Amino acid sequence: MQAYLFGLLKDVSNVEVLNLLSFYIAWHTISTQAVSSFLNLNNHKLSNE
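One point on numbering: in UniProt numbering, the residue at position 43 of the sequence shown is 43, and numbering is uninterrupted.
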């Protein structure tokens, strides 16, 4: 996996790699928050019943 990433770094310009990384980190953060808040909502519903 690391060798693949290093190959990408050589092929693609640094700006594009940074854009991809920031996009991936933002997407990962948003999706993680969405999942955890969804789970919290389900837990509240279960505990209230």
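For every residue, glycine included, the Cβ atom is placed at its ideal position computed from N, Cα and C. As the structure is a computational prediction, the values presented were derived from the model and not from experiment.
Which of the three DSSP states, helix, strand or coil, is assigned to S13? coil
*asked:* Less than 8 Å between the beta carbons of V17 and L8, yes or no?
replied: yes
Next item on the list: Pull up the distance between the alpha-carbon of H44 and that of Q33, whole angstroms please.
Entry: 16 Å
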